[in-house]
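S.K.:
Number of protein chains: 2
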Amino acid sequence: MANFYVGVDVGGTTVKMGLFSEEGELLEKWEIPTRTEESGVNILPDIVKSIESKRQEKGGHISGIGMGVPGPVTDDGVVLKCANLGWGVVSAKNEVSSLTGVGNVAIANDANIAALGEMWKGGGRGFNSIVMVTLGTGVGGGIIIRGKILTGSMGAGGEIGHLKVNPQETESCNCGGKGCLEQYTSATGIVRIAKKHLHPGGAKLEDSCLAGVEITAKAIFDGAKSGDTYCEEVVEEFGRYLGYGLANVAQVVDPEAFVIGGGVSRAGEIILDVTKRYYNDHVMFALQNKEFRLAELGNDAGIYGAVKMVI
Amino acid sequence: MANFYVGVDVGGTTVKMGLFSEEGELLEKWEIPTRTEESGVNILPDIVKSIESKRQEKGGHISGIGMGVPGPVTDDGVVLKCANLGWGVVSAKNEVSSLTGVGNVAIANDANIAALGEMWKGGGRGFNSIVMVTLGTGVGGGIIIRGKILTGSMGAGGEIGHLKVNPQETESCNCGGKGCLEQYTSATGIVRIAKKHLHPGGAKLEDSCLAGVEITAKAIFDGAKSGDTYCEEVVEEFGRYLGYGLANVAQVVDPEAFVIGGGVSRAGEIILDVTKRYYNDHVMFALQNKEFRLAELGNDAGIYGAVKMVI
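If you want it as structure tokens, here you go:
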């Protein structure tokens with residue numbers, strides 16, 4: 000009878016699941032809705048039922064279940080809080096184990112498992128210690144040191160979206176702080192830069208390709224690639240903040256490589272080039288010239304990383 | 000026959016050594032000069048001879064040797080460079096093992112073992128994950144995650160003295176960078192602040208207790224403790240940079256506690272108070288209210304941490 004492993008990535012709207020072979024091959028993926036009502040009490044039972052029906056369909060044995068959730072998780076698999084799921088403190092690892100009878104269960108933060116997934120099968124392949132930064136609506140981070148997730152004492156390790164990179168900032172971040180990396184390098188952050196960019200003697204918004212159109216991260220990077228000076232200046236500012244922030248991360252953990260993912264990273268190599276340049280400007284000599292890679296797994300990074308914890 | 004363990008802390012001028020019991024009790028400590036001539040080829044043989052003569056004097060067996068050196072060291076015990084010792088790449092662990100016949104040998108960076116020592120027997124007792132920052136002539140750092148040193152991929156983990164905390168800085172740090180934590184919080188850094196401190200509408204240097212005397216870190220903290228407004232403002236600026244820098248470290252590794260050591264920390268609780276206040280201002284909510292402690296072992300932190308690696 001075949002041994003299967005399941006990777007689960009729990010989001011606020013849907014739960015992504017993947018069935019993997021013992022060799023770590025993704026055999027099938029599917030989704031179920033996340034039922035966040037009643038403090039999210041149905042979420043884990045729904046997942047367990049879905050896994051069981053997939054197991055019956057395939058006729059095999061479930062040898063391990065790995066799961067990522069959008070909140071801080073201790074190394075013992077206790078979720079401390081997931082506002083998006085309606086959860087307070089939930090002993091998710093124990094609950095999944097007792098509902099399934101599977102002993103080999105691991106739970107971690109979703110940004111952390113995405114980093115683990117990218118290192119295993121994506122942009123971080125071949126490395127053992129990486130920092131992954133996910134540039135989406137917000138900015139998330141995951142740090143892997145010698146193959147293991149840096150969880151932190153209260154599950155908040157790798158929260159690099161809220162690194163402070165600008166002591167002069169006057170506007171507040173969603174977290175309540177000021178000058179967070181997320182305020183400049185998320186999809187909304189770079190649009191914010193574009194709307195208020197003032198570069199003495201530099202290009203003007205009204206003369207750029209962004210004039211009169213809806214400003215999006217994509218429009219900015221596309222403009223920069225086609226030589227629009229204003230967009231180029233905005234991308235420089237984005238890269239300056241990201242390079243500066245990642246230099247500070249390197250001063251703390253000295254990784255082998257950085258992997259950049261999330262929607263914004265679809266702009267491609269232009270992001271690596273500008274970030275690497277400012278990174279090398281700011282980091283101490285011994286930490287210069289680290290590898291910078293684009294993420295490759297997209298939305299599947301989570302199920303890959305989740306299953307990697309148990310396979 | 001007694002089993003002994005030896006902790007060694009190799010500095011640019013002297014080598015500090017400690018003989019420990021199996022229970023981790025420091026039985027005796029002594030020093031030998033560091034002979035840095037001829038690319039430091041005599042350093043390890045000198046240490047080994049000194050350990051052997053101590054062993055003969057005590058009549059016992061050496062069961063383990065731990066050593067700290069002032070430079071980056073890989074997890075395999077290979078020193079990548081120690082300018083202060085005249086060393087390039089040195090397989091220190093293998094060399095000590097083969098010179099002594101002791102298999103249980105470990106080598107690490109001196110700032111990292113000081114952190115380990117403080118967690119074991121000093122200000123970090125009772126914690127399992129700490130960040131230690133040493134405020135001396137320079138600023139060093141050591142990070143312990145779940146009892147293990149965060150070495151980094153090239154031995155540069157925990158180099159928090161060169162975190163960038165001020166993008167506006169125009170003067171250069173010793174490392175060549177600008178705006179490093181060390182430029183504001185080392186013994187020389189705080190004196191630098193005091194000499195150039197300009198606070199619109201604030202106190203003036205010429206009206207303070209620092210006027211006409213040699214400005215030292217000690218004089219500044221003593222002045223602040225006795226209510227000198229100018230010194231208080233300088234200490235605020237020091238604390239603002241240190242709190243800001245440590246907030247960024249926490250965003251990356253989420254430790255349980257911070258331990259502050261080095262000569263500057265002799266000023267005492269005043270340092271913890273001001274740093275903690277700015278730390279909580281800058282760090283995200285989930286990371287607020289970490290523990291802040293003063294280091295307790297002084298110059299012995301190194302030999303304690305060194306021996307902890309092998310005991």
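So the sequences go chain by chain: A and B.
Residue numbering for the first sequence follows numbering that gives the first Met the number 0, beginning at 0 and increasing consecutively.
Residue numbering for the second sequence follows numbering that gives the first Met the number 0, beginning at 0 and increasing consecutively.
Ideal placement from N, C-alpha and C gives every residue a C-beta, glycine not left out.
Nothing here was measured: the structure is a model prediction, and the numbers come from that model.
(1) Do we get a CB-CB distance below 8 Å when we pair Leu197 (chain B) with the residues of chain A?
(2) Who does Lys28 (chain A) pair with in a DSSP beta bridge?
(3) Could you work out which residues of chain A lie near Gly253 (chain B), taking near to mean beta carbons separated by less than 9 Å?
(4) On a Cα-Cα basis, can you pick out the residue from A:Asn93, A:Gly67 and A:Asp75 that is closest to Leu84 (chain A)?
(5) Can you tell me whether Val306 (chain A) sits near the ligand NAP, meaning its C-beta is under 7 Å from at least one heavy atom of the ligand?
(6) Assuming the contact rule is C-beta atoms closer than 8 Å, Lys307 (chain B) and Gly157 (chain B) should be a hit. Round their C-beta distance to whole Å, please.
(7) Residues in the same chain with beta-carbon distance under 6 Å from Phe3 (chain A), minus the five sequence neighbours each way, listed in chain order, please.
(8) Using alpha carbons as the reference points, say which of B:His281, B:Asp74 and B:Lys57 lies closest to Ser152 (chain B).
(9) If we count the other Cβ atoms within 10 Å of its Cβ and call it buried at 16 or more, is Arg276 (chain A) buried or exposed?
(10) Measure the Cβ-Cβ separation of Ala110 (chain B) and Thr136 (chain B) and say whether it is below 8 Å.
(11) Using the beta-carbon of each residue, which ones in chain A are nearer than 8 Å to Ala246 (chain B)?
(12) Which residues, in order along the segment 282-301 of chain A, keep a beta-carbon less than 9 Å from a beta-carbon of chain B?
(13) Nearest chain A C-beta to Gly176 (chain B) closer than 8 Å, yes or no?
(14) Compile a chain-ordered list of the residues in the segment 116-145 of chain B whose CB is closer than 9 Å to at least one CB of chain A.
(15) Quick check on DSSP: helix, strand or coil for Ile310 (chain B)?
(16) What are the boundary residues of the alpha helix (DSSP H) that includes Ala285 (chain B)?
(17) What did DSSP end up calling His60 (chain B) once you bin it into helix, strand or coil?
(18) Within its chain, find whatever has a CB closer than 6 Å to the CB of Ile106 (chain B); leave out the 5 residues flanking it on each side and keep chain order.
(19) Since Met118 (chain A) and Ile144 (chain A) should fall inside the 8 Å C-beta cutoff, what is the C-beta to C-beta distance between them, to a whole number of angstroms?
(20) Count the other CB atoms, across all protein chains shown, that sit within 10 Å of the CB of Gly139 (chain A); report buried if there are 16 or more and exposed otherwise.
(21) So what's Gly76 (chain B) in DSSP terms, helix, strand or just coil?
(22) Give the residues of chain A in contact with Gln250 (chain B), contact being defined as C-beta atoms less than 7 Å apart.
(23) Using a cut-off of 7 Å between C-beta atoms, extract the partners of Tyr183 (chain A) located in chain B.
(24) Would Phe284 (chain B) be called buried (16 or more neighbouring beta carbons within 10 Å of its own) or exposed?
(25) Measure from the C-beta of Tyr330 (chain A) to each C-beta in chain B and report whether the shortest distance is under 8 Å.
(26) CB-CB under 8 Å to Arg292 (chain A), same chain, minus the five flanking residues each way: which ones, in chain order?
(27) Mind checking which residues open and close the beta strand (DSSP E) that includes Val292 (chain A)?
(28) Which residues in chain A sit within 8 Å of Gly243 (chain B), going by Cβ to Cβ distance?
(29) In chain order, what residues of the same chain have a beta carbon less than 6 Å from the beta carbon of Val89 (chain A), not counting five sequence neighbours either side?
(30) Three-state secondary structure (DSSP) at Ala300 (chain B)?
(31) Determine the direct distance from the alpha carbon of Pro166 (chain B) to that of Tyr183 (chain B), and round the result to whole angstroms.
(32) Give me the Cβ distance between Val309 (chain B) and Ile42 (chain B), rounded to the nearest whole Å; I'm assuming they're in contact under 8 Å.
(33) Of all the options A:Ile192, A:Glu232 and A:Met16, which has the alpha carbon lying nearest to the alpha carbon of Ile214 (chain A)?
(34) Let me confirm a value: Glu231 (chain B) is counted as buried when at least 16 other C-beta atoms fall within 10 Å, else exposed. Which label applies?
M.R.: The short version:
(1) Among the residues facing chain A, Leu197 (chain B) is not included, as its CB has no counterpart in that chain under 8 Å away.
(2) Answer by DSSP bridge pairing, in chain order: A:Gly17.
(3) In the sequence as presented, Gly is not what sits at residue 253 (chain B); that position holds Asp. Those within 9 Å of Asp253 (chain B) in chain A are Pro71, Leu149, Thr150, Gly151, Ser152, Met153, Gly154, Ala155, Gly156, Gly157 and Glu158.
(4) If we check each option's Cα against that of Leu84 (chain A), A:Gly67 comes out closest.
(5) Only the bare structure without any ligand can be found here, which leaves the ligand NAP out of the picture.
(6) Not a contact, Cβ separation roughly 16 Å.
(7) Same-chain partners within the cutoff: Leu18, Gly59 and Ile61.
(8) When each option's Cα is compared against that of Ser152 (chain B), the closest is B:Asp74.
(9) With fewer than 16 Cβ atoms within 10 Å of its Cβ, Arg276 (chain A) is classed as exposed.
(10) In terms of Cβ geometry, Ala110 (chain B) and Thr136 (chain B) do not form a close pair [threshold 8 Å].
(11) Correct list: Lys163.
(12) From the segment 282-301 of chain A, only Val282, Met283, Phe284, Ala285, Leu286 and Lys289 have a Cβ closer than 9 Å to chain B.
(13) Proximity of Gly176 (chain B) to chain A, defined by a Cβ-Cβ separation below 8 Å, is satisfied.
(14) Flagged, chain order: Phe126, Asn127, Ser128, Val130, Gly140, Ile142, Ile144 and Arg145.
(15) Assigned with DSSP and collapsed to three states, Ile310 (chain B) falls in coil, not helix or strand.
(16) In the DSSP assignment, Ala285 (chain B) falls outside any alpha helix (DSSP H) and carries neither an H nor an E.
(17) Here His60 (chain B) sits in strand by DSSP.
(18) The beta carbon of Ile106 (chain B) is closer than 6 Å to those of Met66, Val72, Gly76, Ala91 and Lys92 in its chain, skipping five residues each way along the sequence.
(19) The pair is not a contact, with the Cβ atoms about 11 Å apart (cut-off 8 Å).
(20) A buried status is given to Gly139 (chain A), since no fewer than 16 other beta-carbon atoms sit within 10 Å of its beta-carbon.
(21) Gly76 (chain B): coil per DSSP, three-state reduction.
(22) In chain order: Glu158, Ile159, His161 and Leu162.
(23) Neighbours of Tyr183 (chain A) on chain B: none; closest Cβ ~12 Å, over 7 Å.
(24) Result: exposed.
(25) With chain A covering only 0 through 310, there is no way to say anything about residue 330 (chain A).
(26) Apart from the 5 residues on each side of it in sequence, Arg292 (chain A) sits with its Cβ closer than 8 Å to the Cβ of Gly122, Gly123, Ala256, Phe257, Val258, Ile259 and Leu271 in its chain, given in chain order.
(27) Strictly speaking, residue 292 (chain A) in this sequence is Arg, with Val absent from that position. Here the beta strand (DSSP E) through Arg292 (chain A) covers Glu290 to Leu293.
(28) Note on residue identity: the sequence assigns Tyr, not Gly, to residue 243 (chain B). Listed along chain A, the residues sitting closer than 8 Å to Tyr243 (chain B) by beta-carbon distance are Lys163 and Pro166.
(29) Taken in chain order, the residues that qualify are Val78.
(30) If DSSP states are grouped into helix, strand and coil, Ala300 (chain B) belongs with the helices.
(31) If I take the Cα positions, the gap works out to 13 Å.
(32) Rounded, the Cβ-Cβ distance is 19 Å, inconsistent with contact.
(33) Among A:Ile192, A:Glu232 and A:Met16, the Cα nearest to that of Ile214 (chain A) is on A:Ile192.
(34) So Glu231 (chain B) counts as buried.
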